[in-house]
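Each residue of the sequence shown is one higher than the one before, starting from 332 at the first, in the working numbering.
Even for Gly, the Cβ is constructed at its ideal location relative to N, Cα and C.
First the structure, in the form of structure tokens, and then the observations on it.
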Amino acid sequence: MKSGTIGWLGRADLVGKDLAASAAGHDADDSFVADSFDLLKREGFFKAHVPAELGGGDATYAELCGMVRRLGASCGSTALAYAMHSHLVAVAVWRWRNQGAPTEGLLKRVAAEDLVLISSGGSDWLKSAGEAVKVEGGFAVTARKAFSSGAPAGDLLMTSAVYEDPAEGPTVLHFAVPFKAEGVRLLDTWRVMGMRGTGSHDVELKSVFVPDAAISGRRPQGQWHPLFHAISMLAFPIIYSAYLGVAEGARDRALAVAGRRGEDETSIALVGEMENALALARMSVDDMIRNAETETPGPQATNRAMTGRTLAGQACIRTVEKAMEAAGGASFYRELGLERAFRDVQAARFHPLQEKPQVRYAGRLALGLDIDG
Numbered sequence: 332m333k334s335g336t337i338g339w340l341g342r343a344d345l346v347g348k349d350l351a352a353s354a355a356g357h358d359a360d361d362s363f364v365a366d367s368f369d370l371l372k373r374e375g376f377f378k379a380h381v382p383a384e385l386g387g388g389d390a391t392y393a394e395l396c397g398m399v400r401r402l403g404a405s406c407g408s409t410a411l412a413y414a415m416h417s418h419l420v421a422v423a424v425w426r427w428r429n430q431g432a433p434t435e436g437l438l439k440r441v442a443a444e445d446l447v448l449i450s451s452g453g454s455d456w457l458k459s460a461g462e463a464v465k466v467e468g469g470f471a472v473t474a475r476k477a478f479s480s481g482a483p484a485g486d487l488l489m490t491s492a493v494y495e496d497p498a499e500g501p502t503v504l505h506f507a508v509p510f511k512a513e514g515v516r517l518l519d520t521w522r523v524m525g526m527r528g529t530g531s532h533d534v535e536l537k538s539v540f541v542p543d544a545a546i547s548g549r550r551p552q553g554q555w556h557p558l559f560h561a562i563s564m565l566a567f568p569i570i571y572s573a574y575l576g577v578a579e580g581a582r583d584r585a586l587a588v589a590g591r592r593g594e595d596e597t598s599i600a601l602v603g604e605m606e607n608a609l610a611l612a613r614m615s616v617d618d619m620i621r622n623a624e625t626e627t628p629g630p631q632a633t634n635r636a637m638t639g640r641t642l643a644g645q646a647c648i649r650t651v652e653k654a655m656e657a658a659g660g661a662s663f664y665r666e667l668g669l670e671r672a673f674r675d676v677q678a679a680r681f682h683p684l685q686e687k688p689q690v691r692y693a694g695r696l697a698l699g700l701d702i703d704g
């Protein structure tokens, strides 16, 4: 494909046409979407959100979400794995622009080297996992990180581990580990219901040395921290844009089938229910994006983002369910792509904060209770 000088959203539409051709094959054989990642890299997607002054593509935050959404309509696995890289870039960009955080070096490397960043955050969240033992000049880290989407193409694992600080108690250390570092091993574990092409394998760290200088942050284990309010505000609109794309792709497939039935009242009603669900999904993601663009990280912004995450996830799942009903028996055939969309969209249930912890967070905040309680 040739993208020329068209904008980022147009480029995503063009790329999506190529992704669609291989999506079913990766789903069928549980293989990572390596060819799709190669295409995204050639088209500059991995550095798209890096500011131009740091060597990147200068895509806005809203454009980045739109890119993920468009990719999701063609290949959910590619969109989700790309979103996991992109949210790490987005947080680094926001912190550089708004807090003067020392993330410039990382962003310049992403732009110059086309680095692919891998997050272990979904398997860690506030408590983190793994052990960091103090050694001369740094820490020896032993851990196993699940749900590391995009890991087969990864350059840097952005992760954390728990250090039993003798003075401060259990402390989560944040750091990046090169996939080429001694003691890092990719475990072939990703055999799952949906999003099969994301390559979200476990990553094993066995006594991996992390220099003191590589520790980018420290925080008390299990408590909300300003970094996680920033992550909540910025990451989840990007991630759930992938599921919105899956839902929109399912809607288009269902309309193509239902439209051939003429004025069948049952089909018309099912399409209307699908449209209602999709409207809620779009409104929820759009509000999450506005929240990220206009608010300051904190408990309230996190609440708005996580409420949107729950509503968007529910609505995307319902959209695909209604798409299958509207398409009828044809949706049960793999060839149409709706059963893959149905399986892929189920993963929207499992990102933090999952629904029950999210409503608990919202309830505690509304009642004026400690969110760490």
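- Tyr-494 has Ala-463 and Thr-502 as its beta-bridge partners, per DSSP.
- Sequence-distant partners of Ala-661 (beyond 5 residues in either direction) whose C-beta falls short of 7 Å from its own C-beta, in its chain, are Val-588 and Leu-667.
- When the Cα atoms are used, Asp-344 and Ala-654 turn out to be separated by approximately 22 Å.
- When the five nearest sequence neighbours on each side are left out, the beta carbons in the same chain lying within less than 7 Å of the beta carbon of Leu-504 are those of Ala-463, Phe-470, Ser-491, Ala-492, Tyr-494, Ile-546 and Arg-549, in order along the chain.
- Between the beta-carbon of Arg-426 and that of Ala-432 there is about 4 Å, and that keeps the pair under the 8 Å contact cut.
- Counting along the chain, Lys-687 sits inside the alpha helix (DSSP H) bounded by residues 686-697.
- Counting C-beta pairs with one atom in each stretch, the stretch 592-610 and the stretch 671-681 have fewer than three that are closer than 8 Å, which means they do not touch.
- Between the stretch 568-588 and the stretch 505-518, the count of Cβ pairs shorter than 8 Å is below three; the stretches do not touch.
- When Cβ pairs closer than 8 Å are counted between the two stretches, the stretch 364-371 is seen to touch the stretch 349-356, the count reaching three or more.
- The three-state reading of DSSP puts Met-489 in strand, counting E and B together.
- Residue pairing for Ala-474: DSSP places it in a beta bridge opposite Leu-536.
- DSSP lists Thr-502 as the beta-bridge partner residues of Pro-551.
- Burial of Ser-459 is indicated by the presence of at least 16 other C-beta atoms within 10 angstroms of its C-beta.
- Short of 6 Å from the beta carbon of Val-541, and not among the five residues preceding or following it, lie these beta carbons of its own chain, in chain order: Gly-469, Phe-470, Val-472 and Phe-506.
- According to the DSSP assignment, Leu-385 belongs to no beta strand (DSSP E), since it is labelled neither H nor E.
- Put simply, the backbone Cα of Ala-657 is about 18 Å away from that of Leu-575.
- Our two residues, Gly-436 and Arg-591, have alpha carbons roughly 55 Å apart in a direct line.
- Counting along the chain, Arg-649 sits inside the alpha helix (DSSP H) bounded by residues 630-658.
- For the pair Leu-340 and Thr-597, the Cα-to-Cα distance works out to about 35 Å.
- Closest option to Ile-620, judged by alpha-carbon separation, among Glu-394, Leu-518 and Arg-665: Glu-394.
- Judged by DSSP secondary structure, Ser-408 falls outside any beta strand (DSSP E) and instead within the alpha helix (DSSP H) spanning 407-430.
- Going by C-alpha positions, Ser-408 is about 38 Å away from Lys-465.
- Between Met-398 and the set Ala-697, Gly-338 and His-532, the nearest pair of CA atoms involves Gly-338.
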